[in-house]
Structures are given as structure tokens and as C-alpha cells.
Amino acid sequence: MNRYQFEDLISEYIENELSLSKRKEFEAYLEENPDEMKLVESVRSNMSQMKGIPKVKASSDFNDRLFNRIQTNRAQLDRPIPSQRTYFGFSPIHASLMTGLVIATVFVSMQLFSPEDGGLPLQTQNFANESLPTLSNPSLQKVNHPQPDFVKVDEDSVMEDQKSKPNQDFSKKMHFVNKND
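If you read the sequence shown in numbering that gives the first Met the number 0, its first letter stands for residue 0, the second for the next number, and so on.
Laid out in C-alpha cells, this is it:
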């Protein structure tokens with residue numbers, strides 16, 4: 000017998016409801032574990048105290064009154080309270096906050112992406128000598144920037160570097176090797 004089986008049989012042992020074989024097994028466990036006798040005595044005293052408590056009697060219509068009370072409370076709980084009304088699952092305060100958030104998102108996206116710019120964000124455009132439009136100072140008109148005049152340059156800085164270096168002849172230093180040799 001293990002401890003769990005022993006604990007399950009304590010009340011039956013005290014009330015003398017165990018079969019003879021189970022009772023002998025229970026008493027053998029008690030002899031092997033003398034500390035468990037304290038547990039048996041504790042359960043025995045609790046059971047005797049429980050039997051000494053006076054019984055409480057309910058009135059004959061107790062169940063009917065209890066059932067009626069439960070029904071009236073349930074009816075009160077099913078009735079919606081005005082503050083519990085919702086719009087698409089949101090309370091009025093949360094619905095107004097969500098509406099404001101949607102409007103703000105639409106406004107900001109209109110400021111960042113304008114259809115005249117080809118749908119590109121304003122941050123990717125280059126504005127020469129002008130400040131970028133911001134939310135506090137939006138620029139709703141397309142700005143036509145003058146095209147810079149490119150002067151024909153005869154020589155580039157790369158060409159300057161090539162002119163300053165002397166032309167070297169690497170033909171004598173290069174040797175080609177034929178695989179078949």
C-alpha cells in the first residue's frame with residue numbers, strides 16, 4: 000500500500016467500513032509508518048467535531064426562492080446598460096478614438112504620397128535650393144525646378160589624372176602562356 004491509498008482509506012477505517020483484508024493491510028501500513036497514526040487521529044478528531052455541529056435546516060420553499068432570485072438576477076444582467084452600447088464592437092469612446100486615428104492616418108498618407116509626384120514619397124525627391132515640404136508647411140503644388148545648365152566640359156577630372164601619368168608600356172612584361180605547350 001502506498002501513501003495515497005492509505006490516505007483514501009482513513010475515513011473508512013475510522014468508520015469501520017473496510018473489509019477484513021483491507022483493514023489488515025491498513026494496520027500493517029500503520030505499523031511500518033508510526034508517524035501516520037497522527038494523521039489518523041487528526042482525521043478522527045475532525046470527524047467527531049463535524050458530527051457535533053448542529054444541523055441547519057432550510058425552509059421548505061428555499062429552493063423555489065433561490066431559483067426565482069437567480070432568474071431575476073439573470074434578467075437584470077441580460078439587459079444592456081447604456082454605457083455598454085457598442086459600435087462595431089467598440090465602446091463609443093473607443094470608436095471615436097479609432098475614427099480619429101483613421102482620419103489622421105489618411106491625412107498623413109495624403110501628405111507623404113501625392114498623386115502628382117507619381118506616388119513616390121516626398122523624401123526621395125531632390126529639391127534644389129528649396130526646403131522639403133513638411134506637415135506644418137505642406138506644399139500641395141508641384142514645384143517645377145529649373146534644369147541645371149550643363150556646360151560642355153572638354154576634359155574631366157578623370158582625364159586630368161590620365162594626362163598626368165606617363166603611358167607605360169607593359170608589352171615586354173606580359174607573357175602569354177599557351178596551354179598546349
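Each residue gets a CB set at the ideal place from its N, CA and C atoms; glycine is no exception.
None of these values were measured; they are calculated from a predicted model.
Exercise. Please classify F106: does DSSP put it in a helix, a strand, or coil?
Key: helix
Quiz item: Taking buried to mean at least 16 other C-beta atoms within 10 Å of its own C-beta, is F112 buried or exposed?
Solution: exposed
Quiz item: How big is the Cα-Cα spacing for L65 and T71?
Solution: 10 Å
Quiz item: Taking all protein chains shown into account, do 16 or more other C-beta atoms lie within 10 angstroms of the C-beta of F25, making it buried, or fewer, making it exposed?
Solution: buried
Quiz item: Is the Cβ-Cβ distance between M49 and S10 less than 8 Å?
Solution: no
Quiz item: From L121 to L100, what does the alpha carbon distance come to, in whole angstroms?
Solution: Since pLDDT at L121 reaches only 47, below the 50 mark, its modelled position is unreliable, and no value is offered.
Exercise. Measure the alpha-carbon distance for E31 versus S59 and round it to whole angstroms.
Key: 51 Å
Quiz item: How close, in whole Å, do the beta carbons of Y12 and R22 come, if the pair is a contact with beta carbons under 8 Å?
Solution: 7 Å
Self-check item: alpha helix (DSSP H) runs wholly inside the segment 46-80, at least 4 long, in chain order
Solution: 61-77
Quiz item: From A127 to S108, what does the alpha carbon distance come to, in whole angstroms?
Solution: Residue placement at A127 is poorly supported in this model, since its pLDDT is 48, which falls under 50; the coordinates still yield a value, given next. In a straight line, the C-alpha of A127 is about 24 Å away from that of S108.
Practice problem: Could you name the residues that DSSP lists as bridge partners for F89? | Solution: Y86
Self-check item: I92 to Y86 span [Cα, whole Å]
Solution: 10 Å
Quiz prompt | Terminal residues of the alpha helix (DSSP H) in which D168 lies | solution = Looking at the DSSP string, D168 is not in any alpha helix (DSSP H), and its letter there is neither H nor E.
Quiz item: Going by the CB atoms, is the gap between L19 and L8 shorter than 8 Å?
Solution: no
Self-check item: Residue span of the alpha helix (DSSP H) that contains E31, given as start and end
Solution: 19-31
Quiz item: Is the Cβ-Cβ distance between E35 and F5 less than 8 Å?
Solution: yes
Quiz item: Who are the near neighbours of S0 in its chain, counting only those whose CB is closer than 6 Å to its CB and skipping five residues on each side?
Solution: Looking at the sequence shown, residue 0 is not Ser but Met. Correct list, in chain order: E24, Y28.
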